[in-house]
Structure formats: C-alpha cells, structure tokens
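J.:
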Amino acid sequence: MSSGLADPEFVRLGEALQARDGRQARVRRAAATMACAVPALRDRLPVLAELPTLAVSFSPTALGDRMEAKYGGHRRGVPCRLAVSVLALPGRGEEYLRGRSRQAVRTNGNRAIEAGVTCRRMGRVEADVRITAVLRARGEDGLIDSVREDLHTGLVHAWLARDAEDATEVVALTSVDGVFARLDLMLAAPGREAGPSRYLLSAHLVTELAERGVRHLGVDTALFLEPGLRHFQRLLGFAPMTLELGRGPQPDDGCPAPRTSPASGPVPTVSAEAPAARQPEQLPAPVA
Numbered sequence: 001m002s003s004g005l006a007d008p009e010f011v012r013l014g015e016a017l018q019a020r021d022g023r024q025a026r027v028r029r030a031a032a033t034m035a036c037a038v039p040a041l042r043d044r045l046p047v048l049a050e051l052p053t054l055a056v057s058f059s060p061t062a063l064g065d066r067m068e069a070k071y072g073g074h075r076r077g078v079p080c081r082l083a084v085s086v087l088a089l090p091g092r093g094e095e096y097l098r099g100r101s102r103q104a105v106r107t108n109g110n111r112a113i114e115a116g117v118t119c120r121r122m123g124r125v126e127a128d129v130r131i132t133a134v135l136r137a138r139g140e141d142g143l144i145d146s147v148r149e150d151l152h153t154g155l156v157h158a159w160l161a162r163d164a165e166d167a168t169e170v171v172a173l174t175s176v177d178g179v180f181a182r183l184d185l186m187l188a189a190p191g192r193e194a195g196p197s198r199y200l201l202s203a204h205l206v207t208e209l210a211e212r213g214v215r216h217l218g219v220d221t222a223l224f225l226e227p228g229l230r231h232f233q234r235l236l237g238f239a240p241m242t243l244e245l246g247r248g249p250q251p252d253d254g255c256p257a258p259r260t261s262p263a264s265g266p267v268p269t270v271s272a273e274a275p276a277a278r279q280p281e282q283l284p285a286p287v288a
C-alpha cells in the first residue's frame, strides 16, 4: 500500500469498525472470520491482505512477555497485531529528519526549539510526578496506576518535552525489546495538544532509539485512530503493518540503564503554568 495510513479504503475500514463497535457485542475472531459475521466489512478486507508483514521476535524475558501481551490479544474483537502503526527507523538517528517527507516534522521541531522547548529522558521519580500531573489535568486518572506500575518495573523509558520555564509540554513512554520498540504513551499537557512540541519529542526519541540499534517503532492498531492522530502519525512516517509474533533470544544492545533523578535534587515543575522568572538556558541548534 503506497499511501499507508492515508489509504481511503483503510480509513473507511477503520471508520466501519469504530461504528460497529457501538452497535454490536465484541467479536473475538480473526479478522477474516469476522468478515463473515459483519457483511459491511467483507468487501473492505482485501486492504488488510495488502498490508506489509513484519516478523517480530520478542525475548524470553518479562519485557518480551509484556510486548507479547500488548500485541497478542484483541481490541474490540480485532487482533492487536493487525494493521499496527509502525515506523521504520534509519541506521543512524541523524538520517530520520532528512528528505521532503519529514518537512513538517522539521518545521514544527524548529518552531518548538525557537520557543525554548527542550527534550530529554526522565528518571522514574520525575516521570511519576510529571506524567501523573498531566493525566490528572487531562481527567485521565484511570491511567495513573498502570503508568506507575510500568515505571516501577523499569521496563519503560520516560521522555519529556519542557518549555523554557520547565513546564511540561509533552510526556512519553517507550519500551524496547531488541530491535523492536513500542510507543506506549504520548500525552501533551492540557492546552498544548496542537503545539509543535510533540513533533520535537517524537524526533528526539526516534533519533535516540535509532542510535541504540532499534529498527522499528510500533504503536497500536491503526484501525481505531482518530483523524487527527492518524494524520500526525503519517507525517512522522508511520505506516500500517501486520506483525508476525515470535519468541527468541535477543542480543545485548549495550544500552545503559535509565538514569534516576538525584534524591537531593529539586522537585520537578509539573504545572502547565510558567514558574517565576529564571535565567534562560542554552538552547540547542535548530533541527536541520
């Protein structure tokens, strides 16, 4: 499929599935079998057969178990491994932003940098404070316990985009198993959802993952994406793929353990409001 997430038949299939979810009970069948029970989808299923297939081997570890649980089940009766949004990462992180297809990412990333936004990894304590604050501000308190559990296990990496006054712009969580990574969460602080910071954080974490040897970054099935999120993922370079899941040993990638926040350090700022005036920090050069 040349147009990936923007393919009209793929979009119509997702809309049909979302509409069906409100009318029918959950159907736990493979997608091909599901077509027999839902005639409205039968003529649209060929678009799924045309999707590229990606073989993924998860390690025999707790992280591999977690990955398999994320993609081995079903969501609204649809296999989670079907039509997953996947970004193919380059061999070198600096190559990600090259080319006309990344113009929107470069433009928005530069806008964020000019506004004083910076990105970095977070330790567990800081991530707990900042992500919890964002979830509560968004009214998504139900996700707090699962996020804290993920952080406690150490199986996820936390990422932050903050403005020049240290207020949280965007937070993200990723997990990495060998050459495959998953974007478990990406949330913007209230009022900043349409800002350019999410482009800058996306480019930052993609570059970091590529440098450590990750070759594919997956999210969830793209069949239930809202139009705005589908457009955002397409600009980043994501495309729908069907995952073939397997288990096997993974080589040691030599990635250092996530850094932890110093126990004696200051409590991180988590409000969307800017704190008192402070000395401006040195900003990185604009994205090429």
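Be aware that the sequence shown starts at 1, since it is given in our numbering, and climbs by one per residue. Yeah, the Cβ is synthetic: ideal placement off N, Cα and C, and Gly gets one too.
Beta-carbon within less than 7 Å of ALA6's beta-carbon, same chain only, minus the 5 sequence neighbours each way: which residues are those?
T.: By 1-based counting over the sequence shown, the position of residue 6 is 6. So the list reads ARG234, once near-sequence residues are dropped.
J.: How big is the Cα-Cα spacing for ASP65 and ASP177?
T.: By 1-based counting over the sequence shown, the position of residue 65 is 65. By 1-based counting over the sequence shown, the position of residue 177 is 177. Near 10 Å, if we compare the C-alpha coordinates of ASP177 and ASP65.
J.: To which residues does DSSP link CYS119 through a beta bridge?
T.: In the sequence shown, the residue the question calls residue 119 occupies position 119. In DSSP, CYS119 forms a bridge with ALA161.
J.: Assuming ALA137 and ALA222 are in contact, meaning their beta carbons sit under 8 Å apart, how far apart are those beta carbons, in whole angstroms?
T.: Counting from one through the sequence shown, the residue named residue 137 turns up at place 137. Counting from one through the sequence shown, the residue named residue 222 turns up at place 222. With 8 Å as the limit, ALA137 and ALA222 do not qualify as a contact, their Cβ atoms being about 27 Å apart.
J.: Kindly indicate if chain B contains any beta-carbon less than 8 Å away from that of ASP163.
T.: The structure shown contains no chain B; it is built from a single protein chain.
J.: Drop a sphere of 10 angstroms on the beta-carbon of THR53, count the other beta-carbons inside from all chains shown, and report buried for 16 or more, exposed for fewer.
T.: For the purposes of this step, residue 53 is identified with residue 53 of the sequence shown, where counting begins at 1. Answer is exposed; the Cβ neighbour count stays below 16.
J.: Tell me, which residues are paired with MET67 by DSSP?
T.: Within the sequence shown, numbered from 1, the residue matching residue 67 stands at position 67. MET67 is not bridged to any residue.
J.: Would you kindly work out how many angstroms separate the C-alpha atoms of SER57 and GLU244, rounded to a whole number?
T.: For the purposes of this step, residue 57 is taken as the residue at position 57 of the sequence shown. For the purposes of this step, residue 244 is taken as the residue at position 244 of the sequence shown. If you take the alpha carbons of SER57 and GLU244, they lie about 8 Å apart.
J.: What are the partner residues of LEU229, as DSSP defines its beta bridges?
T.: To locate residue 229, count along the sequence shown from 1; it is residue 229. Answer is none; LEU229 lacks a bridge partner.
J.: Skipping 5 residues on each side, what residues in its chain have a beta carbon closer than 8 Å to that of THR242?
T.: Here residue 242 corresponds to residue number 242 of the sequence shown, with the count starting at 1. Cβ neighbours of THR242 beyond the five flanking positions: LEU48, LEU51, PRO52, THR53, LEU54, ARG81, LEU82, ALA83, VAL84.
J.: ARG92: which of HIS216, ALA62, GLY14 sits nearest, CA to CA?
T.: Locating residue 92 in the sequence shown gives position 92, counting from the first residue. The option with the nearest alpha carbon to ARG92 is HIS216.
J.: Grab the span of the alpha helix (DSSP H) containing ALA203 for me, first residue to last.
T.: On the sequence shown, position 203 is the one that residue 203 refers to. Looking at the DSSP string, the run of the alpha helix (DSSP H) that includes ALA203 is 197-211.
J.: Report the option in ARG124, GLY142, VAL206 whose CA atom is closest to the CA atom of LEU151.
T.: Counted from its first residue, the sequence shown places residue 151 at position 151. Ranking ARG124, GLY142, VAL206 by Cα distance to LEU151 puts ARG124 first.
J.: Check ALA55 in the structure and name its three-state DSSP category.
T.: Taking the sequence shown and counting its residues from 1, one reaches residue 55 at position 55. Looking at ALA55 - three-state DSSP - the assignment turns out to be strand.
J.: Quick check: what's the CA-CA separation for SER291 versus ALA104?
T.: Outside the displayed span of the chain (1 to 288) sits residue 291, for which this structure offers no information.
J.: Go to PRO90, then tell me how far its beta strand (DSSP E) extends in each direction, as first and last residue.
T.: Here residue 90 corresponds to residue number 90 of the sequence shown, with the count starting at 1. No beta strand (DSSP E) holds PRO90; DSSP gives it neither H nor E.
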